[in-house]
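Visitor:
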Amino acid sequence: MTSEFEAQLRAVSLRVTQPRLAVLAVLRDHPHVDTDAVIALVRVDHPSVSHQTVYDVLRALTDAGLLRRIQPAGANARYETRVGDNHHHAVCRSCGAIADVECAVGHAPCLTASDDRGFVVDEAEVVYWGTCPDCVSAEQTA
Ligand SMILES: [Zn+2]
Ligand SMILES: [Zn+2]
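So for the sequence shown, our numbering puts the first residue at 111; every next one is plus one.
Structure (structure tokens):
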């Protein structure tokens, strides 16, 4: 039986390995977690996987386009398996929670620069900063 992840790895000419499959599964189930969280989650089922292996897997899968790496200002790099759809992120200033926000246009660049200064623009990086619902209700009850 070939899993979806095995097919994805083969499609980008990466060898199918247990750590690579584990990292993809962890990030499908827990989008937007950082490296330390990926390591902890992978080790639940694969206790012998080393830190270095997870770092290497994250880099290889990101380079191959199977993972997207996001790094909100002031936060650790986070990873997700949702790639290629130009979605954006809302980040909570209080707790750091991250949520996906659909791109209104659906393709990059979704914002047209008022003056592109002659650049050929292919992406607009949009981060919505604010307060997540949990933190809003915590403030209201406090
Ligand atoms: Zn929050
Ligand atoms: Zn996302």
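Heads up, the beta-carbon is just placed ideally off N, CA and C, and yes, glycines get one too.
Keep in mind that this is a model prediction, so the values were computed, not measured.
Could you name the residues of the same chain whose beta carbon sits closer than 6 Å to that of residue 63, not counting the 5 residues immediately before and after it, in chain order?
Guide: The shown model of the chain, from 111 to 252, leaves out residue 63, and the question about it has no answer.
Visitor: Can you tell which of 230, 225 and 236 has its C-alpha closest to the C-alpha of residue 216?
Guide: Taking the sequence shown and counting its residues from 1, one reaches residue 216 at position 106. It is 236 whose Cα lies nearest to the Cα of residue 216.
Visitor: Starting from the Cα of residue 157, find the closest Cα among 129, 171 and 134 and give me that residue.
Guide: Locating residue 157 in the sequence shown gives position 47, counting from the first residue. Comparing Cα-Cα distances from residue 157 to each of 129, 171 and 134, the minimum goes to 129.
Visitor: Would the beta-carbon of residue 155 be found less than 7 Å away from any heavy atom of ligand 1?
Guide: By 1-based counting over the sequence shown, the position of residue 155 is 45. Every heavy atom of ligand 1 is 7 Å or more from the Cβ of residue 155, so no.
Visitor: Using 7 Å as the cut-off, classify the Cβ of residue 179 as near or not near the heavy atoms of ligand 2, replying yes or no.
Guide: Numbered from its first residue, the sequence shown carries residue 179 at position 69. No; taking the cut-off as 7 Å, the Cβ of residue 179 has no heavy atom of ligand 2 nearer than that.
Visitor: Would you list, in sequence order, the uninterrupted beta strand (DSSP E) runs of no fewer than 3 residues that lie entirely inside the stretch 165-205?
Guide: Counting only runs of 3 or more, we get 178-180, 188-190 and 198-202.
Visitor: Based on the DSSP output, what are the partners of residue 208 in its beta bridges?
Guide: By one-based count along the sequence shown, residue 208 stands at place 98. Note: residue 208 sits in a beta bridge opposite 201.
Visitor: Let me know if residue 183 comes out buried or exposed under the rule of 16 or more other beta-carbons within 10 Å of its beta-carbon.
Guide: Mapped onto the sequence shown, residue 183 falls at position 73. Classification for residue 183: exposed.
Visitor: Report buried or exposed for residue 229, applying the criterion of at least 16 other Cβ atoms within 10 angstroms of its Cβ.
Guide: The residue labelled residue 229 in the question sits at position 119 within the sequence shown. That one is exposed.
Visitor: Can you say whether residue 111 is buried or exposed, counting buried as having 16 or more other CB atoms within 10 angstroms of its CB?
Guide: The residue given as residue 111 occupies position 1 in the sequence shown. Because the pLDDT of residue 111 is 49, which lies under 50, any placement of that residue in the model is unreliable, and the number read from its coordinates should be weighed accordingly. By the neighbour-count rule (16 or more Cβ atoms within 10 Å), residue 111 is not buried but exposed.
Visitor: Shorter than 7 Å, the distance from the beta carbon of residue 141 to the closest heavy atom of ligand 2, or not?
Guide: As a first step, residue 141 must be located in the sequence shown, where it is residue number 31. Residue 141 Cβ: within cutoff of ligand 2.
Visitor: DSSP three-state call for residue 144: helix, strand or coil?
Guide: Taking the sequence shown and counting its residues from 1, the one referred to as residue 144 is at position 34. Residue 144 falls in the strand class under three-state DSSP.
Visitor: Mind the definition here: the stretch 144-163 touches the stretch 111-120 only if three or more C-beta pairs lie below 8 Å; say whether that holds.
Guide: No: the two stretches stay apart, fewer than three of their Cβ pairs being nearer than 8 Å.
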